[in-house]
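Numbering (this note's numbering), first residue to last: -13 to 92. Ideal Cβ placement from N, Cα and C applies to all residues, glycine included. Quick caveat: nothing in here was measured; it's all calculated off a predicted structure. Below: one structure, written as structure tokens.
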């Protein structure tokens, strides 16, 4: 019932609202002044701030947050987490044993 009332209110409001007519002509002098006026694109401070936040987020995803030494990280667990425990685990590397001396060396 509530949805029906909301839908009816929206329908009545849109029916009573004055439609914008694009066919209304401007006076010729005003149209010529508007054509010759320099047009600059501007946006609000809030829109610029949102744009800067999005750019900063994309930069962090691409290059990491900075700080520390070594190559930057993006998102994901720190090094050494996950399925492989990282360096320092597992069997030690094989030791180097020099080859045996040739026979009759003494």
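{"Item": "Three-way DSSP call (helix, strand, coil) for residue 36 in this model", "Value": "helix"}
{"Item": "Cutoff 8 Å: residue -9 Cβ touching any chain D Cβ", "Value": "Looking at the structure shown, chain D is missing, and only one protein chain is on hand."}
{"Item": "Extent of the continuous alpha helix (DSSP H) to which residue 19 belongs", "Value": "14 to 22"}
{"Item": "Rounded separation between residue 30 and residue 76 - CA only", "Value": "58 Å"}
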